[in-house]
Amino acid sequence: MAYNNAIPQGGDRIRVSRPQILENFIQIKNLVDVNHVTFGDAAGQGKHKFITFPRQAVAPVPAATEVAIWGALGTTGNTELFFRNGALPSAWEMTSANKNISGWTMTPAGILIKWTSAIINSAAGGPFDAIWPATGTDIPFATQLWGLVQIGADPGNTAKDVNAVAYVTDISNPAHVTFRVWRRNLASVPGTNQNPFSIWVLAFGLP
Amino acid sequence: MAYNTNILNRLDALEDSQPELLANFAAIATLLGQDHVNFNVADAGKHNKLTMPEKNKASIPNTNATDYGMFVSNLPLNGALFPNILNFQSSGTTSAQSFPGSFSGAHYTQAPFIIDPVGSMRLPSGILIKWANYTRFQLLSPTDDARMEFNWGQKNNVEDFVQQYWALITPIATNGAAGDQDNPVVFTVYDVTTSPYIIKLLCFLKNPPLGSFPSPVKTYEGGLFVLAIGV
């Protein structure tokens, strides 16, 4: 029997209503026992011992003074937690991430953090674009707020002094961080080329 | 009277059932009054807050393939125990990502490094961010091979990487021994993935005359910042 909110009806006899009412009480307890501390539990009846978020097909729209958290299909292909502040126009998936050498993570604040590493083979000083990989699951920046590029070592000869410094010149294109390279060669003559070298890139932005 | 699902027996008179029915309705309202917006007001059924008692779970609850879970448990970490840690659990798994927040780090000495402080922060996505602020870093032994290894080690109140993805190390010029601020050191990372505990790096010291290569290290006192991302 299922929960029935259409009983008892006027004219129903008690012998008819009795099992219906009893079943409703059983169903109420069954529902409460999912995720909640049950009736009469001294640990705090009504509190949440576990919160299960079934995947929602339609996103809730909280009022301007509310927030909402729900489960929905994320960029990862799994159910992720979404968050929406009712005072803001859009929601974001706050638990999604691509956990890889080139990866990204969302944060509860809605900030997107991306990182990657790459090898620069060019002998020139740039500008170069450190392009965010689009492989696997990806949330592209809509707006890139902050970027950093650091020179690493020569990936084929880690004992070599690459004598180079990277400096970011442009983050306005959310698809990449643009940077230049200044090289100091062994004789301290700027511009002499040494390559290849690694770069380590980190950026913050909005999805 | 407590909530009772064994009422309204077949032979019960209504006068016997009436108080039991009343008690059940009262118990429902009492339970829902915890955390939930109660009956007969706007927003009934919504959540005022989520109070999550820690249950000392012996095992992580399962989630169905399309569910997402959240719960609270104690977090044993490197010999310490942290209570009431929020856990985020991906769908269709029995594993959870603990969300203990950041720690200020313990003070300890590992020659030649003095680490103060070291911390970590795990995001709900499961990504772990770690940082270290070495206030005193010494290069003691002249060597032609300036390759070094930074080792996070294991500290009681800082989470360990299972896998490290990305790292950055930058020097801090200090007012240490004379000439240190005139002899900047450059760190270049070349491997972070071989071990979750180790960052492999080169250390180059600007050492007169300009252009010495590889720059033989001499005693250097400074500091460094470390930032790393992993899981």
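Going line by line, the protein sequences match chains Z and Y.
Each residue of the first sequence is one higher than the last, beginning at 219 in this note's numbering.
Each residue of the second sequence is one higher than the last, beginning at -3 in this note's numbering.
Virtual Cβ for every residue (Gly too), placed ideally from N, Cα, C.
No experiment lies behind these values; they were computed from the predicted model shown.
Query: So that I know if they touch, is there some Cβ in chain Y lying closer than 8 Å to that of Arg236/Z?; Result: yes
Query: Candidates Val395/Z, Ala305/Z, Gln238/Z: which alpha carbon is nearest Trp333/Z's?; Result: Val395/Z
Query: How many angstroms separate the CA atom of Gln106/Y from the CA atom of Gly289/Z?; Result: Note that Gln106/Y scores a pLDDT of 26, beneath 50, so its modelled location is shaky and nothing firm can be said.
Query: Hey, is Asn129/Y's beta-carbon within less than 8 Å of any beta-carbon in chain Z?; Result: no
Query: Do Asn34/Y and Leu28/Y come within 8 Å of each other at the CB atom, strictly closer than that value?; Result: yes
Query: Please confirm if Asn296/Z has its CB atom under 8 Å from at least one CB of chain Y.; Result: yes
Query: Does Ala380/Z get closer than 8 Å to chain Y when you measure Cβ to Cβ?; Result: The question names Ala, yet the displayed sequence has Val at residue 380/Z. It does: the Cβ of Val380/Z has a partner Cβ on chain Y nearer than 8 Å.
Query: Put Asn248/Z into one of helix, strand or coil per three-state DSSP.; Result: helix
Query: With 16 other CB atoms within 10 Å as the buried threshold, where does Tyr385/Z fall?; Result: exposed
Query: Name the chain Z residues whose beta carbon is nearer than 8 Å to that of Ile3/Y?; Result: Leu240, Phe243
Query: For a quick check, are the C-beta atoms of Ile338/Z and Phe415/Z less than 8 Å apart?; Result: yes
Query: Would you kindly check if the distance between the Cβ of Gly65/Y and the Cβ of Val227/Y is under 8 Å?; Result: no
Query: Going along the chain, which residues of its own chain have a beta-carbon closer than 8 Å to the beta-carbon of Val285/Z, five neighbours each way excluded?; Result: Phe301, Arg302, Asn303, Gly304
Query: Ile252/Y to Ala393/Z, Cα distance in whole Å?; Result: Summary: the structure shown does not reach residue 252/Y, with chain Y confined to residues -3 through 227, and so no result is reported for it.
Query: Check whether the Cβ of Ile417/Z lies closer than 8 Å to any Cβ atom in chain Y.; Result: no
Query: Measure from the C-beta of Trp162/Y to each C-beta in chain Z and report whether the shortest distance is under 8 Å.; Result: yes
Query: Rank Met312/Z, Arg398/Z, Ala327/Z, Gln362/Z by C-alpha distance to the C-alpha of Ser340/Z and give the top, closest one.; Result: Arg398/Z
Query: Taking a contact to mean a Cβ-Cβ separation below 8 Å, would you say Ile3/Y touches Glu16/Y in this structure?; Result: yes
Query: Excluding the 5 residues flanking Ser390/Z on each side, which residues of the same chain have their C-beta closer than 8 Å to its C-beta?; Result: Gln362
Query: Buried or exposed for Thr190/Y, please, with buried defined as at least 16 other CB atoms from any protein chain shown within 10 angstroms of its CB.; Result: exposed
Query: At a cut-off of 7 Å, would you count Gln160/Y as near the ligand FAD, judging by its Cβ distance to the nearest heavy atom?; Result: Because no ligand of any kind appears in the structure shown, any question about the ligand FAD cannot be addressed here.
Query: Could you work out which residues of chain Y lie near Ser335/Z, taking near to mean beta carbons separated by less than 8 Å?; Result: Trp162
Query: Give me the residue from Asn381/Z, His254/Z, Leu330/Z with the minimum Cα distance to Asn413/Z.; Result: Asn381/Z
Query: Along chain Y, which residues have their Cβ under 7 Å away from the Cβ of Phe257/Z?; Result: Ala(-2), Tyr(-1), Ala23, Leu27
Query: List the DSSP bridge partners of Ala377/Z.; Result: DSSP output for Ala377/Z lists no bridge partner at all.
Query: With distance defined between alpha-carbon atoms, name the residue in Gly228/Z, Gln227/Z, Phe243/Z nearest to Ala220/Z.; Result: Phe243/Z
Query: Of all the CB atoms in chain Y, is at least one closer than 8 Å to the CB of Val250/Z?; Result: yes
Query: Starting from the Cα of Ile417/Z, find the closest Cα among Ile194/Y, Asp187/Y, Tyr193/Y, Pro192/Y and give me that residue.; Result: Asp187/Y
Query: Between Leu7/Y and chain Z, is there a C-beta pair that is closer than 8 Å?; Result: no
Query: Do the CB positions of Phe67/Y and Ile269/Z come within less than 8 Å of each other?; Result: yes
Query: Where Gly229/Z and Ser235/Z are concerned, what is the direct C-alpha to C-alpha distance, given to the nearest angstrom?; Result: 10 Å
Query: Under the three-state reduction of DSSP, which class applies to Asn316/Z: helix, strand or coil?; Result: strand
Query: In three-state terms, what does DSSP make of Ile357/Z?; Result: coil
Query: Please report the distance separating the alpha-carbon of Leu424/Z from that of Trp310/Z.; Result: 10 Å
Query: Can you tell me which of the three DSSP states Glu298/Z falls into?; Result: strand
Query: Where does Arg6/Y sit, in a helix, a strand or coil, going by DSSP?; Result: coil
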